[in-house]
Amino acid sequence: MIRALQEMGIVPGVIAGTSIGALVGAVHAAGRLDTLERIVRRLKWRDLMVFVDVVLPRGGFIDGKRVSEFIRACAGVERIEDLSVSFGAVCTDISTGREVVLARGDLAKAVQASIAIPGIFTPVRWRGWVLVDGGLVNPVPVSTLREMGADFVIAVDLNHGIVHARNQFRPGLEPPGKKKEEKDEGPGILESLNRKLRKVSLPSREHAGRWRRRKKEPLPGIFDVLAASLNIMEIQITRARFEVDKPDVLIRPPLAHIRFLEFTRGREAIRLGYEAARKALEGVEIPR
């Protein structure tokens, strides 16, 4: 999407992002999108395992410190105030349920808080708040940008159409858009987390036989359930917020066939985002 804007000579004066949007938005505001794109285009599932610093449950299974280090390396900027463009990372304070927009302070920590998916990443403490993924309150932060002074908002909604496409748990059911001859490179983050948890929660030997006899069809893993629940919630919140505050341009890349945290398909996602942006922006007069 950003590449399409650049080709059209559109330079944002304000950037706000929620979750993965905060990560991409921060790197773009730092002027280092090329660095992030190079990394994403060549990601393999083994590379992602570096970020899975599993800890005993204390609010989440992944500590997030390695993710923070990655953000810091990509952005090359320590503080939000040092960015060349005004930026806000949208988070949720789980103590109050309120939206918190971080527009000053440690950039990597702010993004880490915005992407702290509940149950997967540990929350981030920030000035008395306990922060998690901003998708719980504002998945597509149009209102945030208005409050930051934007008079024309171009929004990207990554959740469009994902419930029916992604939340399929019947064995052998291929997601739409995936060819049968394609082979996955590896188990991926969700599968790895589910496997680690199963090792911890295996039934005792005396109950194992009974457990095997009762088992008919495998249920989704705990992280699949968390991802599906977030999908449903964020779609409903986005729909409600658009009723009140619509963006001037809405871009909805067709990414429903790409699974939650399936970052190894970055090359494909970038292409689809670019095509969707060009189509959405065709014929639109953007104020300069």
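Basically the numbering used here = 1-based index in the sequence shown + 13.
Don't be surprised by glycine CBs; every beta carbon is placed ideally from N, CA and C.
A quick note: this is a predicted structure, and the numbers were derived from the prediction, not measured.
Notebook entry, point to check: Does the Cβ-Cβ distance between Ala121 and Ile93 come in under 7 Å?
Noted result: Here residue 121 is taken as the residue at index 108 of the sequence shown, counted from 1. Here residue 93 is taken as the residue at index 80 of the sequence shown, counted from 1. In this structure, Ile93 does not lie closer than 7 Å to Ala121 by Cβ.
Check: Between which two residues does the alpha helix (DSSP H) containing Glu256 stretch?
Finding: Along the sequence shown, read from residue 1 onward, the residue named residue 256 stands at position 243. That run of the alpha helix (DSSP H) goes Ile235 to Val257.
Margin query: Excluding the 5 residues flanking Gly162 on each side, which residues of the same chain have their C-beta closer than 7 Å to its C-beta?
Written below: Taking the first residue of the sequence shown as position 1, residue 162 is located at position 149. The beta carbon of Gly162 sits closer than 7 Å to those of Val27, all from its chain and outside the five residues before and after it, given in chain order.
Checklist line | Residues bridged to Thr135 [DSSP beta-bridge criterion] | finding: Residue 135 sits at position 122 when you count from the first residue of the sequence shown. By DSSP's assignment, Thr135 forms no beta bridge with any residue.
Check: DSSP state of Thr105, grouped into three classes?
Finding: Within the sequence shown, residue 105 is the residue found at index 92, counting from 1. Reduced to three states, the DSSP call for Thr105 is strand.
Notebook entry, point to check: Per DSSP, Arg92 forms a beta bridge with which residues?
Noted result: Within the sequence shown, numbered from 1, the residue matching residue 92 stands at position 79. In the DSSP output, where bridge partners are listed per residue, Arg92 has Asp119.
Notebook entry, point to check: Going by the beta-carbon positions, is the gap between Ala29 and Gly147 smaller than 7 Å?
Noted result: The residue you call residue 29 lines up with position 16 of the sequence shown. The residue you call residue 147 lines up with position 134 of the sequence shown. No, the Cβ-Cβ distance between Ala29 and Gly147 is not below 7 Å.
Check: Can Ile107 and Val143 be called in contact, C-beta distance under 7 Å?
Finding: Along the sequence shown, one-based indexing puts residue 107 at 94. Along the sequence shown, one-based indexing puts residue 143 at 130. Against a cut-off of 7 Å, the Cβ pair of Val143 and Ile107 comes out as a contact.
Next item on the list: Taking Asp47 as part of the alpha helix (DSSP H), name the residues at either end of that continuous run.
Entry: Translated into positions along the sequence shown, residue 47 becomes position 34. Asp47 -> alpha helix (DSSP H) spans Leu46 to Arg54.
Notebook entry, point to check: Quick one: what does DSSP say Pro25 is sitting in, helix, strand or coil?
Noted result: For the purposes of this step, residue 25 is taken as the residue at position 12 of the sequence shown. The answer is coil: DSSP assigns Pro25 none of H, G, I, E or B.
Item checked: According to DSSP, residues forming a beta bridge with Trp142 -> Reading the sequence shown from its first residue, position 129 is the one you call residue 142. Beta bridge pairing from DSSP links Trp142 with Trp139.
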